[in-house]
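Going by the numbering used here, the letters in the sequence shown line up with residues 295 to 679, in that order.
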Amino acid sequence: MLESLIHRFEQIFNQKPKVYSSAPGRINIIGEHTDYNNGYVLPAAIERRTHLLWAPKQNEEVLVFSENLNQGGKFNLKDLHPRSDRNWLKYVEGIFWVLKEEGEELTGAEILIQGDVPLEAGLSSSASLEIGLLQGLLALIKREYPPQQIAKLGQKAENEYVGVHCGLMDQFIAVLAESSTALFLDCETLHFEYVPLRLDKENLVFLVYDTGVPRSLAKSKYNERRLEAQQARDFLEKRGFPSLKTAYLNQLESFEKEINPLLFRRARHILTENQRVLMAKRALERDDFSTVGELLYASHSSLKNDYEVSCPELDFFVDIASSVSGCLGARLVGAGFGGSAIALVKQDAVEALIDKATREALKNNFPKPRCWVVSAGSKASAFWL
Ligand code: GLA
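Given below as structure tokens:
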């Protein structure tokens, strides 16, 4: 793979690349819409990655070519303004911008990008691009940063340059993932632990089901949910309520009559989802996969009913999954409003699940889904060639 990418680089830029970097996409086992609420998450990287090749330039010009889009673009380091409307190039500009803000001396570069993390599928292709860019650029200028800081800079670029107010989960897992494990993260303290994923003990795998529903509304709806969650938290905080990470459901319920019903449901999702993350972590530690499966179903119904970030195509898949024997659990993954779901399923039931879901999806006039089995991949890296 690397050899043919190097060949492409030479064809496009007429010189040899000097640095290679890459970063993974992710699934999130559980803990959805909790990261920006100072809660718990439990993601795992996948083996699909964004790959980048780099050569420095002597001036301040950056030339970028995306193999996936078959499109090139360029910008000048003197000319970086947050929220410029230059679509995908914004992500690249944002990373140069964020390191410049850190006071780094940057040079121009030629960059080739190729990835197999599907775009807009809820598998975090953007964080994988941001972190691949950060690692590559830091290698190119021969600088090292602690992983937590790299994750935060990726998030800052997306929040402040690209204008998407994401939490820290996706960047964090891209920087710190270890293969065959999930990562438990407390997004308030940044305390993290690796959690074993011994799925093969019971011949289980995670299946990704990409609904093919474009997430065109996702960004505005995502920002809307962030606002609602903030309002709910402010309301509770003013009344001396403990954090939605440590409180019990009956404590929240005692406020049900006072708080706006919509904000109550948003808060209930955050509180119960945090509890499910802790339960799933404990269940994985003792290889209790049927409990993990039940928690996935419970997470989905909370995301659907309380947080309202699902869509008919995702609900349909979770229904189908629950009717296939050998499927232990399923839920939407990522921001929602389209994109993908995951299912925890016995290896020998994978085909039956894909067949049934695809057949029924087409009968319902839903887009043709794409499905694949994922295994837990490793963190971002960069090296000189
Ligand atoms: C997107 C964001 C994450 C997280 C999830 C929802 O993937 O980038 O920070 O908020 O949605 O859990």
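A virtual CB, placed ideally from N, CA and C, is assigned to each residue, including glycine.
Next on the checklist: Are the CB atoms of P318 and S672 within a distance shorter than 8 Å?
Outcome noted: In the sequence shown, counting from the first residue as 1, residue 672 sits at position 378. In the sequence shown, counting from the first residue as 1, residue 318 sits at position 24. The answer is yes: Cβ separation under 8 Å.
Next on the checklist: Would G448 and H345 qualify as a contact pair, given that the criterion is a beta-carbon distance under 8 Å?
Outcome noted: One-based indexing of the sequence shown puts residue 448 at position 154. One-based indexing of the sequence shown puts residue 345 at position 51. Using a Cβ distance threshold of 8 Å, G448 and H345 do not count as a contacting pair.
Next on the checklist: If you reduce the DSSP assignment to three classes, tell me which class D504 lands in.
Outcome noted: Sequence index remark: in the sequence shown, residue 504 carries index 210 (1-based). The answer is strand: DSSP assigns D504 an E or B state.
Checklist entry - For L530, which of helix, strand or coil comes out of DSSP? => result Here the question's residue 530 lines up with position 236 in the sequence shown. L530: helix per DSSP, three-state reduction.
Checklist entry - With a CB to CB cut of under 7 Å and the five nearest residues on each side skipped, what residues in its chain are close to E654? => result Taking the sequence shown and counting its residues from 1, one reaches residue 654 at position 360. I614.
Item to check | ligand 1 heavy atom lying under 7 Å from the CB of M463 | outcome: Counting from one through the sequence shown, the residue named residue 463 turns up at place 169. M463: yes, Cβ under 7 Å from ligand 1.
Checklist entry - Which of helix, strand or coil does DSSP assign to W348? => result Indexing the sequence shown from 1 puts residue 348 at position 54. In this structure, W348 counts as strand in the three-state DSSP scheme.
Checklist entry - Between N322 and ligand 1, is the CB less than 7 Å from at least one heavy atom? => result Along the sequence shown, read from residue 1 onward, the residue named residue 322 stands at position 28. Yes; taking the cut-off as 7 Å, the Cβ of N322 has a heavy atom of ligand 1 nearer than that.
Next on the checklist: Using only the alpha-carbon positions, how far apart do G632 and V644 sit?
Outcome noted: Your numbering for residue 632 matches position 338 in the sequence shown. Your numbering for residue 644 matches position 350 in the sequence shown. Cα to Cα, the separation comes out at about 22 Å.
Next on the checklist: Looking at the secondary structure, which residues open and close the alpha helix (DSSP H) in which P606 lies?
Outcome noted: Working through the sequence shown from its first residue, we reach residue 606 at position 312. That run of the alpha helix (DSSP H) goes P606 to S617.
Checklist entry - Based on Cα-Cα distance, which residue from F307, E387, V639 and A433 lies nearest to N497? => result Position 203 of the sequence shown, counted from the start, is the residue given in the question as residue 497. Comparing Cα positions, the closest option is V639.
Checklist entry - Cα separation between C621 and L647? => result Stepping through the sequence shown from its first residue, residue 621 is reached at position 327. Stepping through the sequence shown from its first residue, residue 647 is reached at position 353. Straight across, the Cα-Cα distance linking C621 with L647 is about 8 Å.
Item to check | Exposure of G388, with buried meaning 16 or more beta-carbon neighbours within 10 Å | outcome: Your numbering for residue 388 matches position 94 in the sequence shown. The residue in question, G388, is buried, as its Cβ has 16 or more Cβ neighbours within 10 Å.
Checklist entry - Straight-line CA distance for L608 to A635? => result Walking along the sequence shown from the start, residue 608 turns up at place 314. Walking along the sequence shown from the start, residue 635 turns up at place 341. Their Cα atoms are separated by approximately 7 Å.
Checklist entry - Counting Cβ pairs closer than 8 Å, one from the stretch 350-368 and one from the stretch 445-463, do we hit at least three? => result The stretch 445-463 and the stretch 350-368 do not touch, with fewer than three beta-carbon pairs separated by less than 8 Å.
Next on the checklist: For N554 and Q365, I'd like the C-alpha separation in whole angstroms.
Outcome noted: Position 260 of the sequence shown, counting from 1, holds the residue named residue 554. Position 71 of the sequence shown, counting from 1, holds the residue named residue 365. As the crow flies, the alpha-carbon of N554 is around 48 Å from that of Q365.
Next on the checklist: I'd like the span of the alpha helix (DSSP H) that includes F359, first residue to last.
Outcome noted: Locating residue 359 in the sequence shown gives position 65, where the first residue counts as 1. First-last for F359: E355 to S360, but that is the beta strand (DSSP E), not the alpha helix (DSSP H).
Item to check | Among L371, H594 and E341, the one whose alpha carbon lies nearest that of V571 | outcome: As a working note, residue 571 is residue 277 in the sequence shown. Restricting attention to L371, H594 and E341, the CA atom closest to the CA of V571 is found in H594.
Next on the checklist: For G682 and L413, I'd like the C-alpha separation in whole angstroms.
Outcome noted: The structure shown has nothing for residue 682, since the chain only spans 295 to 679.
Checklist entry - Using CA coordinates, which residue listed in E404, N353, A403 and S420 is at the minimum distance from N381? => result Along the sequence shown, one-based indexing puts residue 381 at 87. Nearest of E404, N353, A403 and S420 to N381, Cα basis: S420.
Next on the checklist: Checking the sheet assignment: what are the DSSP bridge partners for P490?
Outcome noted: The residue labelled residue 490 in the question sits at position 196 within the sequence shown. Residue pairing of P490 in beta bridges, as defined by DSSP: T475.
Checklist entry - Does DSSP put I553 in a helix, in a strand, or in coil? => result If you number the sequence shown from 1, residue 553 lands on position 259. Reduced to three states, the DSSP call for I553 is coil.
Item to check | Cut-off 6 Å between Cβ atoms - residues of its own chain near I467, not counting five sequence neighbours on either side | outcome: Position 173 of the sequence shown, counted from the start, is the residue given in the question as residue 467. Cβ neighbours of I467 beyond the five flanking positions: R320, P337, A339 and L477.
Item to check | Cβ-Cβ distance between L521 and L565 below 8 Å | outcome: As a first step, residue 521 must be located in the sequence shown, where it is residue number 227. As a first step, residue 565 must be located in the sequence shown, where it is residue number 271. Their beta carbons are not under 8 Å apart, which means L521 does not touch L565 by this criterion.
Checklist entry - Does ligand 1 have even one heavy atom less than 7 Å from the beta-carbon of A629? => result Position 335 of the sequence shown, counting from 1, holds the residue named residue 629. Because some heavy atom of ligand 1 lies under 7 Å away, the Cβ of A629 counts as near it: yes.
Checklist entry - Can you pull the DSSP bridge partners for K368? => result On the sequence shown, residue 368 is found 74 positions in, with the first residue counted as 1. Partner(s): L357.
Checklist entry - Quick one: is W391 buried, meaning 16 or more other Cβ sit within 10 Å of its Cβ, or exposed? => result Start at 1 with the first residue of the sequence shown, and residue 391 comes out as number 97. Classification for W391: buried.
Next on the checklist: Just to confirm my understanding: we take P508, look at its own chain, exclude 5 residues before and 5 after, and list those with CB closer than 8 Å. What are they?
Outcome noted: On the sequence shown, residue 508 is found 214 positions in, with the first residue counted as 1. These residues qualify, in order along the chain: E414 and G632.
Checklist entry - Alpha carbon to alpha carbon, what distance is there between I405 and V469? => result Within the sequence shown, numbered from 1, the residue matching residue 469 stands at position 175. Within the sequence shown, numbered from 1, the residue matching residue 405 stands at position 111. Straight-line measurement puts the Cα of I405 at about 20 Å from the Cα of V469.
Checklist entry - Are the CB atoms of A651 and F611 nearer to each other than 8 Å? => result Within the sequence shown, residue 651 is the residue found at index 357, counting from 1. Within the sequence shown, residue 611 is the residue found at index 317, counting from 1. In this structure, F611 lies closer than 8 Å to A651 by Cβ.
Next on the checklist: Output needed for L589: all residues of its chain with C-beta closer than 8 Å, excluding positions within five of it in sequence on either side, in chain order.
Outcome noted: What you label residue 589 is simply residue 295 of the sequence shown in a count that begins at 1. Cβ neighbours of L589 beyond the five flanking positions: I324, R570, M573, A574, A577 and G623.
Next on the checklist: What I want to know is whether the C-beta of E326 ends up closer than 7 Å to one or more non-hydrogen atoms of ligand 1.
Outcome noted: Reading the sequence shown from its first residue, position 32 is the one you call residue 326. E326 has its CB nearer than 7 Å to a heavy atom of ligand 1.
Item to check | Proximity winner among T328, N308 and R664, relative to R527 (alpha-carbon distances) | outcome: For the purposes of this step, residue 527 is identified with residue 233 of the sequence shown, where counting begins at 1. Nearest C-alpha to R527: T328.
Checklist entry - Where does R343 land, buried or exposed, given buried means 16+ other C-beta within 10 angstroms? => result Residue mapping note: residue 343 aligns to position 49 of the sequence shown, counting from 1. When all chains shown are included, R343 counts as buried.
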